[in-house]
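Structure first, then comments.
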Amino acid sequence: MVSCGVYSFTGASTAAETIVVAEFYNNTDLAPANFAQTFTNDMKDYYQRNSSLSVVQENGQLRIEGTIVEYAIRPIAPVASGNNQLADAAALTRLTIAIKASYEDTLEPKNSFKDKTFSFYADFDNTQDFTSVQEQLEKKIIDQVLLDIFNATVANW
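Residue numbers (our numbering): -11 to 145.
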């Protein structure tokens, strides 16, 4: 059997050798100021660690770019206060992050996509201060979103 692609044990299968990871932009009100830069750097690192692709600044055979479109903190899991005079409270709070990405594969254009949304969330106990768990929650969410984007691009899942 003869193959024209490059395969790795992570599931990355592409004949491409280079990828441009363009700067992702923050289009939310709540995300930290450096969140888009952190996400972009994490994505570059992810592709370098999990594929044989070289991350380049321009003229890559593959290109990915996008925008952070949601960074939301919402109460979930309501708990009755047991008092008609008090409003019900939430036992958990959810951080949701969504990224809208576009991917161009110059070698296999059928694999390209535009404005596909990838999102994930993480919950935390309402007794915890958000700032004390924020970094941990963001890492968990970013790790999953990066895996989903990777699978949708070079792994073609």
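Think of the CB as a built atom: it goes at the ideal place given N, C-alpha and C, for glycine as much as any other residue.
Note that the structure is predicted; figures quoted are calculated from it, not measured.
The alpha carbon of Leu50 has as its nearest neighbour, out of Ala10, Asn29, Asp33 and Asn22, the alpha carbon of Ala10.
DSSP, reduced to helix, strand and coil, places Glu46 outside both helices and strands of the structure shown, so it counts as coil. Here Asp93 carries a strand assignment [DSSP, helix/strand/coil]. Looking at Thr84, Ile56, Glu58 and Ala78, the one whose alpha-carbon comes closest to that of Ile64 is Ala78. Around the beta-carbon of Leu134, 16 or more other beta-carbon atoms lie within 10 Å, marking it buried.
Per the Cβ contact rule, the region 89 to 106 is not in contact with the region 14 to 28 (fewer than 3 Cβ pairs under 8 Å). Of the other Cβ atoms in all chains shown, fewer than 16 fall within 10 Å of the Cβ of Ser42; this residue is therefore exposed. In this structure, the beta-carbon distance from Phe118 to Ile61 falls below 8 Å.
Non-local beta-carbon contacts of Thr28 in its own chain, meaning distances under 7 Å to residues more than five positions away in sequence, involve Val9, Glu11 and Phe12 in chain order. Beta-bridge annotation (DSSP): Tyr109 is paired with Thr84. At the C-beta level, Arg82 and Asp113 stay beyond 8 Å of one another.
Around the CB of Asp93, 16 or more other CB atoms lie within 10 Å, so the residue is classed as buried. Glu58 sits close to Ala86, with the two beta carbons spaced by under 8 Å.
Bounds of the beta strand (DSSP E) holding Thr6 are Thr6 to Val9.
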